[in-house]
Ligand SMILES: Cc1ncc(C[n+]2csc(CCOP(=O)(O)OP(=O)(O)O)c2C)c(N)n1
Ligand SMILES: Cc1ncc(C[n+]2csc(CCOP(=O)(O)OP(=O)(O)O)c2C)c(N)n1
Ligand code: SF4
Ligand code: SF4
Ligand SMILES: [Mg+2]
Ligand SMILES: [Mg+2]
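Protein chains in written order, with my numbering: chain A, 42 to 678; chain B, 42 to 678; chain C, 627 to 939; chain D, 627 to 939.
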């Protein structure tokens, strides 16, 4: 069983992300499925960041620590991650940094410096790179020093370029050395470099040379390391994309015609990717049938989030398929307009990329803290569809479905995704995102012209602005849209909105709303939502191996809530454990609110790092052993 | 038992509110307790509005229909309210309007016009004032026509003023006639007019003359009507004030020093009243001790609600007692800053005057739809104190307490009040708002200087800006306030915030958080919150009289939620009925979320009118009879 | 043949106070639309929240009543989706220059082809007379507990700083002149401001009809050419225009201050960015053919597919 | 004796990119504060969210890091509560002129005594280089997928329209001159803007140091007197000032454009409204004596007590 893990650490702006992506591509070319995730700070240059790569024959479901190879491009990376390498693993580092002390590393977080001082103080030493490597060695890890300065000089000579212009290749040197130690041949690294930099051909050569030099250097020291066999997908083409990109793709595929946004991490990369593809080429059938070559999506950066959502609503009411995407702080600003969208029954999609809050919080880190806020966003009685995707591909398909639901039910849909999905990458096969089988069509009810007609199912005819004289208002209104304060008309409209919600509940099948995995007779039932899904599935396998049978209820829509299934699954379970990345256990709170069932145990992760599968394994076992109510797991640097 | 009800209807801008207040004052002078409520539209002039007055020996607890006397200042008022007068009651109307048809009344709501057409159509007639009066007469109501034009001419003559200048006295004519029919002597009306217009002495005379003429006219037609005996409070001084005013008073009393606001109904009258008193005179003790005569409160109208709350937070962090007040749409806009206030632990009070939503909704009408939104306002994990007042005096005292809690626990406090409390008036005795016994003091913890010190109880030392060098940020931070992304420091701060919430829960006693009324062994338990309290208490008496024993659990704080009491009270009950003015049953939802107990029955009112006691009586009886899950009551025009 | 202005009336009750300046503005709008012969189905009147915003209900169109302060972005969304619609915003000074000031500035940066009519009564009418951002400091209107301590913003100068390409000021009771300005504004291709001085007899007892009549005069009286055709002309004229915009007091100028023809409207910028946009705007473009999307994801996003590429480096 | 500028440094790691213009601005701030000899405990640096906003962490003060776009109201709150503090805002062009534009306008109407320093790099630095409101249209910086289709707002003119009483523009790398402007701005009593042109070497590859150095010049070079002492002088000078503010292209003027001494700062308006405000500001005034409030409700709100009053009418 291949299960390779690599961590590449270095300063922001130092090419960590490119290195990570090149690693992913090298493994894909070698025939493997990959998962890669970027951990970075709210900073442009200099702060520590790292990329985690996991490689398997089938798609890896979770990140995990320790890793097999740590590529530490600077001293801070060694001192941050030296304990995260398994015995038998390697640490590739710049031998020029050996004497660097933690105290002299300006960007390093003070609390970490303090912990290191304490740790090494207890050993009677000081926190330096070489001391850290000593600790790792004691645990069976092999440090591999790269003389970066020397190597760089050689790259400069070989490429006949000035040193300064090629100094950024250190990331590739470290990476290539790391991949070599992991058993990947240089040729894959070279191909991956070419693939990565296809748009910047000038920098290909220095990087390829750098990779070669680094591998040469390491192979001289460490001959005869085992090679990694080719993977099962060798020769097959895979896509490698982030959740941000997949959601953007789904919007384009799903017929979106207006997207507004205000930049915010981890959401803006979605809009940016859509923007890059906003003027796209039609496929041959469409070209012929429509007599057009290209089609556009209006992607507009607005002055703020208030504008973004109000514009999206205006566009939707005029007939566009419209969406906006944002993150917590921006979403908070959208509350008033969400209430408006509910009232005017505007079909819009709001993609909410959650991150670690409250407030500005840790903007580039993982969190699942916005569920309750999203569900009850907007003053007044404002039910709306809230759907949370469990993984990258769910995020892709849910985007397409959400666009359809928004139109069919004339309601805002909030799509919950998170930072982990946003910036982590997976390998994808073509069929997985092929829209065949899922028809993309306008879903507007167009029979009639009383825009707010009080109907049996609560869905009124769709009448876009510009098609007829009419009025749309956020004031309470009569069927023709005019404002009214009449108590009878008010009751009718309130009750129409209620019936609409019942219709939605009836029409979105329970299978869409909740998914259940694992053994029917398991003693332990895990309840969760969002991007913890795959780590949980991965943990379930491990637990199975240890004789602990588990079942997993993944709640996908919170409105409409899948009461029946959740209630049935939980009421029969012996031990129910919620897994969430927030303080309250927000989904567990809703489980109780909707079903009465109290989730007695929680595994929580709060530190802004994505949850690892082994943390879930640990949490479940600990709860089974001790009966503790809450286990907070704290992995990740 | 005196229980008088009067409804005064007319066009907005036609002095309906003054008339209502004069009525209240007349009854207070006569020794009674009063309750008065204004129903008006989102309009400045011309739309129909009305004032409801209820008079009793002790303070009336609820509005109710039908009334004893309807004073209809225009045709629309007759046609809107003719069915809301009890048999034996009176309708005072302008005899000049007898032939007015509903269809010609421009401001009348179309749905009402349609209902009237249908109603009179079924009787084979047309909706006119005289036809409406006929219907009333058939039901035993006596119409009393006032020849307004003629009377006005006589007032003009008697006061030697031009007709145009005294034409606005029609409201007083109608009122005086109505009060006469209710048994109130002219002298009280005159005294009330003087009290009402003390700031505008010039208009006293015409109004007094108008009142006299109207009474003269009616008494000639209807001699020997029974006089109302003097009430028990005769000679005692009472205050008559709205909820808006009482909250403003409490802010001044409670030591508020900065209030920011952006105008919005039904909140701005609170700020306006505070503004009028912002530069207030100290009492003698304070004058002597401080050597000052007057003290100021900064009351500032801002450019929007985003500014209002951010300014309040800034002021609070600099050491002021700070508050802002708003209503649903404005509150929605405050979400991001609420999350910030939680994170920076800013002691601020947000007074949320709820009105009928969603969105702009019916801005001047009653609603209780913002509970869930308030509780989960702000993205991220953002617990804060949420307290809901049941009546005017609770609103007064809760304001004072909320200011203290905000400081003591360094947290935003959201105070839920509503449109009904905002614009309804009650009579108050001096001792009821006397702050003796409730010490007003700064409640800041000042031992230490690490602003965000991780403490056992989660409360850090209070260090205002300007007292020391420091940093405050909405980013996650270390104890010294500096931004950090360190995972360990993050966990510590998250868990500190959790412990703070536990401290709050421990330190605000359960008696503050929930109140229980009624018989211990009652079969029916009502659960509610906010301004439905007094109508429920009133209904309970009536039900008692009909042999239905009830108990009432009034939830006052939603965070911290009074789980123990609620759980205990409900689990023992046979029939539990929630009473709320929103679609979902938001408090019932929270009852289940916090206790698991499912409130099976609901009495809901959604039409934007305050709930009447008899509607609750009706709802309870109907649920007991039929077992229905939900009864929607629909009273009020 | 031009329509009658009566065709632009709705049967909703116009609920303004007697004598309100809004009646004059409404009248001017009705007449301007009639003279421009705009099909009500192609007209979107986007109202703010306030007395003024109710104009939405009084003009026949395919209309939208926004949130308080959000008329501009809402209207922009409509226009992005369907650039063929004529979009006119009717909002208060509080709505557009107070809570909505950020959008008021931003729309100028886009030169979206919409007309912004500010009902400038210097008070918050619908919430009972608080000071609006155009109320000068020191003034104490009826509903204020004391003199206003915030200064007035200058809407015209603000529009100029924000890049509006048409800037005019009218007076509510001068319906004929106002109608012409509104016609010119709607006909202008780009973001147009018509700031309308509007007496509010109920709450603004200082800036009354008489107060205004004693002060206002028209730019035309002084030979004024607001048209700017080149950047050079812009540089030359704008200081004079700014000076005129600053004039306020004993004399208040009315008229079209600026008509800048140097800047492309946003719609054209989008068309340039994505040719075909105007022919197939978001409001009506196809999204699929027989249920299959217009584009193949594996092709459009081909750069994400990992391939071995031959490269000579 | 003046303090050393070193006393205004904190020990936080300054996390800007090498060569970022922000370093120059920070340096100018440190030196201005030192020369003004401001006690760090009386200084509140309110940062926006962005690269620029991190200045909060790098200047010793009693500081506040706001929400994105809300530095101005947050700072205003601090100042209302404690008018004795020196309040300086450090924020990005996105923060103050994009999402925060509404507040940027409103603060001018109050003339609150705060200094607003705009770190004007024409991009959104911290979110990776999107166009900011000061990026001219047609420009394609590194991170944009195509040329910018929104126009630039003019911060100086916007401030003028909003009533700022001190308006200056500096250049990040001219630390000495910038320091003087910041000193003048902080010393000015009223709302002061210092718009600082700031190269962002990481994302703005168009408006680079070289680009600026080729264009900027100082108003002083042309004999420029920004001081305005009377309304009459204001009317006379402002058109010239506006014209200067519009100058952008081959030549970009730097310096103090306006110093308007005709308007009272907000603090004084409050003092006039409530004498004693400055001596007993909200931040430190007593709220009770021995637990009893300062005022008796039955007395202060006496008008609500219903009484029979003798009146002769
Ligand atoms: C977010 C929000 N805040 C406040 C209000 C309350 N509100 C309604 S109208 C209005 C102001 C109206 O003033 P203006 O825009 O000048 O219009 P006018 O009534 O004077 O025409 C306000 C503040 C609201 N509806 N929404
Ligand atoms: C409400 C909200 N929206 C968006 C963001 C994301 N965000 C962080 S910094 C920033 C823009 C920074 O640009 P600018 O203000 O120009 O500062 P610079 O980084 O260029 O100094 C944005 C949009 C946020 N923090 N909050
Ligand atoms: S309050 Fe003023 S603006 Fe509003 S309708 Fe009345 S007169 Fe017009
Ligand atoms: S991104 Fe630009 S503004 Fe931000 S620190 Fe780097 S150079 Fe400076
Ligand atoms: Mg107004
Ligand atoms: Mg910037």
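Ideal Cβ positions, reconstructed from N, Cα and C, are used throughout, including at glycine.
8 Å Cβ cutoff, residue i in contact with chain B
i, result
"residue 932(D)", "yes"
"residue 631(D)", "no"
Cβ-Cβ distance between residue i and residue j below 8 Å
i, j, result
"residue 724(C)", "residue 758(C)", "yes"
"residue 745(D)", "residue 777(D)", "no"
"residue 622(A)", "residue 652(A)", "yes"
"residue 870(C)", "residue 814(C)", "no"
"residue 867(D)", "residue 786(D)", "yes"
Residue i at chain A interface by Cβ criterion, 8 Å
i, result
"residue 674(C)", "no"
Residue i, buried or exposed, once every other Cβ within 10 Å from all chains shown has been counted against 16
i, result
"residue 448(A)", "buried"
"residue 395(A)", "buried"
"residue 147(B)", "exposed"
"residue 851(C)", "exposed"
"residue 95(A)", "buried"
Contact with chain C by residue i, beta-carbon distance below 8 Å
i, result
"residue 728(D)", "yes"
"residue 145(B)", "no"
"residue 85(B)", "yes"
"residue 476(A)", "yes"
"residue 891(D)", "no"
"residue 366(B)", "no"
Chain D within 8 Å of residue i, Cβ atoms only
i, result
"residue 737(C)", "yes"
"residue 305(A)", "yes"
Contacting positions in the stretch 765 to 796 of chain C - beta carbon closer than 9 Å to chain G: Considering every chain present, this structure includes no chain G. Its protein chains are A, B, C and D.
Which complete alpha helix (DSSP H) runs does the stretch 514 to 567 of chain B hold, if anything under 4 residues is left out? 528 to 548, 551 to 554, all fully within the stretch 514 to 567 of chain B.
Counting pairs of Cβ atoms below 8 Å between the stretch 906 to 922 of chain D and the stretch 478 to 495 of chain B, do you hit three or more? In the pairwise beta carbon analysis, the stretch 906 to 922 of chain D is classified as touching the stretch 478 to 495 of chain B: at least three pairs are separated by under 8 Å.
Runs of beta strand (DSSP E) lying entirely within the stretch 828 to 888 of chain D, each at least 3 residues, in chain order: Segments of the beta strand (DSSP E) lying fully in the stretch 828 to 888 of chain D: 842 to 844, 878 to 886.
Which complete alpha helix (DSSP H) runs does the stretch 675 to 701 of chain C hold, if anything under 4 residues is left out? For secondary structure counted as the alpha helix (DSSP H) over 4 or more consecutive residues, the stretch 675 to 701 of chain C holds these complete runs in sequence order: 681 to 684.
With three or more C-beta pairs closer than 8 Å as the rule, is the stretch 410 to 425 of chain B touching the stretch 367 to 375 of chain B? Output reads yes: the stretch 410 to 425 of chain B touches the stretch 367 to 375 of chain B.
Spell out a yes or no on whether the stretch 482 to 498 of chain A and the stretch 334 to 341 of chain A are touching, meaning 3 or more CB-CB pairs, one atom from each, closer than 8 Å. As far as the Cβ criterion goes, the stretch 482 to 498 of chain A does not touch the stretch 334 to 341 of chain A, which means the pair count is below three.
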